[in-house]
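A.B. asks: Quick one: this structure, given as structure tokens, is what I'll be asking you about.
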């Protein structure tokens, strides 16, 4: 038998993401997004932001507590031709641990408020961590699109990947 | 008063990372690392890996349960000249929520075993999530080095960033 301590981990909310998305959010982070996007860190963590503003991009790690979940391990994106994708091969928010990661542009920091480029999260989403996005560590020039490359309607899929609004 | 449900979140371990690092780990993920690195996912999640192998890189999100913690919000890296850095401007494992993120090369997948390039984690570290690293979303050409750019001993710091072993 396994025990609780080794199989479950407790995280605390360290702040909240503020976005224009009250009821629905786009599929992925949106550089072109309109509206105001910022992270409001709990004041007690403000000291931890020292020197962060020097980075062009940051990672936001958040808890997807406002997403409906099915516990399924595969999914079939309606906009993709591929019949079945494993949840770990997708960025779907409906996954075993509802943790989201987004790379966003850092605009400015004022006290415990961090102004950022668009992010595909509901207003009020809990922040778990903020990390610097460091060029050599995180920017991989030879990265690819995985199974998305095999899809026929690549231009359309790219709109979904980038979260650019469009009609079907 | 805040309540438990909105301020704390429970994550489950979905597998473990296997590395050669039994007692100490390097500072960051290491492409040049020697030894065997793989993720062993719990068998019940194997279906979720479908189509993942088509990606060049993946994100591993893990729980740093083997790291000593101080609860400090700033740190002074011994190898950097900058006197004080906020924990959110660093990739230190000693942070409010001990969550680690690494971008690693995916080598091959055999059943529930995912063979990867080097990662700076202790052997047996709990895996929380695996996500595809998608070119347009995650590879930012104009990313920078943040406060690390202002350091004088840039060549030396790059060894730390890349986790390349060296003498002091």
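Chains as they are written, first to last, in the working numbering: chain A, 4 to 171; chain B, 4 to 171.
Virtual Cβ for every residue (Gly too), placed ideally from N, Cα, C.
This one's a predicted model, so the numbers in the text were calculated from it and none came from an experiment.
Against chain B, which members of the segment 36 to 69 of chain A pass a CB distance test of less than 9 Å?
C.D. replies: If the cut-off is 9 Å between Cβ atoms, the segment 36 to 69 of chain A has 44, 47, 48, 49, 50, 51, 52, 53, 54, 55, 56, 57, 58, 59, 60, 61, 62, 64, 66, 68 near chain B.
A.B. asks: Under 7 Å between beta-carbons, which chain A residues line up against residue 87 of chain B? List them in chain order, please.
C.D. replies: Within 7 Å Cβ-Cβ: 53.
A.B. asks: Should residue 73 of chain A be labelled buried (16 or more other beta-carbon atoms within 10 Å of its own) or exposed?
C.D. replies: Under this definition residue 73 of chain A is an exposed residue.
A.B. asks: Which word fits residue 15 of chain A, buried or exposed, when buried means at least 16 other C-beta atoms lie within 10 angstroms of its C-beta?
C.D. replies: Per the 10 Å Cβ criterion, exposed.
A.B. asks: Where residue 3 of chain B and residue 39 of chain A are concerned, what is the direct C-alpha to C-alpha distance, given to the nearest angstrom?
C.D. replies: Shown here, chain B extends from 4 to 171; a query on residue 3 of chain B therefore has no answer.
A.B. asks: Any beta carbon from chain B within less than 8 Å of residue 12 of chain A's own beta carbon?
C.D. replies: It does: the Cβ of residue 12 of chain A has a partner Cβ on chain B nearer than 8 Å.
A.B. asks: DSSP three-state call for residue 76 of chain A: helix, strand or coil?
C.D. replies: Coil, per DSSP.
A.B. asks: Considering only residues of the same chain and omitting the five flanking positions on each side of residue 41 of chain A, which have a CB-CB separation below 7 Å?
C.D. replies: The residues are 21, 116, 117, 118, 119.
A.B. asks: What's the C-alpha gap between residue 101 of chain A and residue 71 of chain A?
C.D. replies: Taking the straight line from one Cα to the other gives about 10 Å.
A.B. asks: Suppose you measure from the CA of residue 158 of chain A to the CA of residue 98 of chain A; what does that come to, to the nearest Å?
C.D. replies: Going by the C-alpha atoms only, they are around 26 Å apart.
A.B. asks: Buried or exposed: which applies to residue 54 of chain B, given that a residue is buried once 16 or more other Cβ atoms fall within 10 Å of its Cβ?
C.D. replies: Residue 54 of chain B is buried by the Cβ-count criterion.
A.B. asks: If we require 3 or more residues per run, which beta strand (DSSP E) segments fall completely within the segment 32 to 72 of chain B?
C.D. replies: Fully enclosed beta strand (DSSP E) runs of 3 or longer: 41 to 44, 60 to 66.
A.B. asks: Can you tell me whether residue 82 of chain A is buried or exposed, with buried defined as 16 or more other CB within 10 angstroms of its CB?
C.D. replies: Exposed is the call here.
A.B. asks: Taking the beta strand (DSSP E) that residue 132 of chain A belongs to, which residues open and close that run?
C.D. replies: Taken as a continuous stretch (DSSP letters only), the beta strand (DSSP E) holding residue 132 of chain A covers 128 to 135.
A.B. asks: Which same chain residues end up closer than 8 Å to residue 127 of chain B when comparing Cβ atoms and leaving out the 5 residues on each side of it in sequence?
C.D. replies: Only 19, 20, 21, 69 meet the Cβ criterion.
A.B. asks: I'd like to know if residue 73 of chain A contacts chain B, where contact means its C-beta is closer than 8 Å to some C-beta of that chain.
C.D. replies: No, because no Cβ of chain B sits closer than 8 Å to the Cβ of residue 73 of chain A.
A.B. asks: At a CB distance below 8 Å, what residues from the segment 104 to 127 of chain A approach chain B? Give them in sequence order.
C.D. replies: Answer set for the segment 104 to 127 of chain A: 104, 106.
A.B. asks: With three or more beta-carbon pairs closer than 8 Å as the criterion, would you say the segment 54 to 67 of chain A touches the segment 145 to 154 of chain A?
C.D. replies: Result no; under three Cβ-Cβ pairs closer than 8 Å.
A.B. asks: Mapping the DSSP letters down to three states, classify residue 138 of chain A as helix, strand or coil.
C.D. replies: In the structure shown, residue 138 of chain A sits in a helix (DSSP, three-state: H, G or I).
A.B. asks: Assuming residue 107 of chain A is part of the beta strand (DSSP E), what are its boundary residues?
C.D. replies: Looking at the DSSP string, the run of the beta strand (DSSP E) that includes residue 107 of chain A is 102 to 113.
A.B. asks: So if I threshold CB-CB distances at 8 Å, which residues from the segment 125 to 153 of chain A count as touching chain B?
C.D. replies: Answer in chain order: 129, 131, 132, 133, 134, 135, 136, 137, 138, 139, 140, 141, 142, 143, 144, 145, 146, 147, 148, 149, 150, 151, 152, 153.
A.B. asks: Beta-carbon within less than 8 Å of residue 86 of chain A's beta-carbon, same chain only, minus the 5 sequence neighbours each way: which residues are those?
C.D. replies: Taken in chain order, the residues that qualify are 79.
A.B. asks: Using a Cβ cut-off of 7 Å, pull out every chain A residue sitting near residue 22 of chain B, in sequence order please.
C.D. replies: The premise fails here: residue 22 of chain B is roughly 17 Å from chain A at the closest Cβ pair, so nothing lies under 7 Å.
A.B. asks: Should residue 25 of chain B be flagged as near chain A, meaning a C-beta pair shorter than 8 Å?
C.D. replies: No, residue 25 of chain B lies away from the interface with chain A (no Cβ there is under 8 Å from its Cβ).
A.B. asks: Please classify residue 13 of chain A: is it buried, with 16 or more other beta-carbons within 10 angstroms of its beta-carbon, or exposed?
C.D. replies: Answer is exposed; the Cβ neighbour count stays below 16.
A.B. asks: Taking only beta-carbon positions, decide if residue 79 of chain B is within less than 8 Å of chain A.
C.D. replies: Chain A contact via Cβ: absent.
A.B. asks: Report the partner residues of residue 15 of chain B according to the DSSP bridge assignment.
C.D. replies: According to DSSP, which records beta bridges pairwise, residue 15 of chain B is partnered with A:11.
A.B. asks: Can you pull the chain B neighbours of residue 99 of chain A, defined as C-beta to C-beta under 8 Å?
C.D. replies: Correct list: 15, 17, 48, 51, 132.
A.B. asks: Who are residue 89 of chain A's beta bridge partners in DSSP?
C.D. replies: The partner list for residue 89 of chain A (beta bridge, DSSP) reads A:77.
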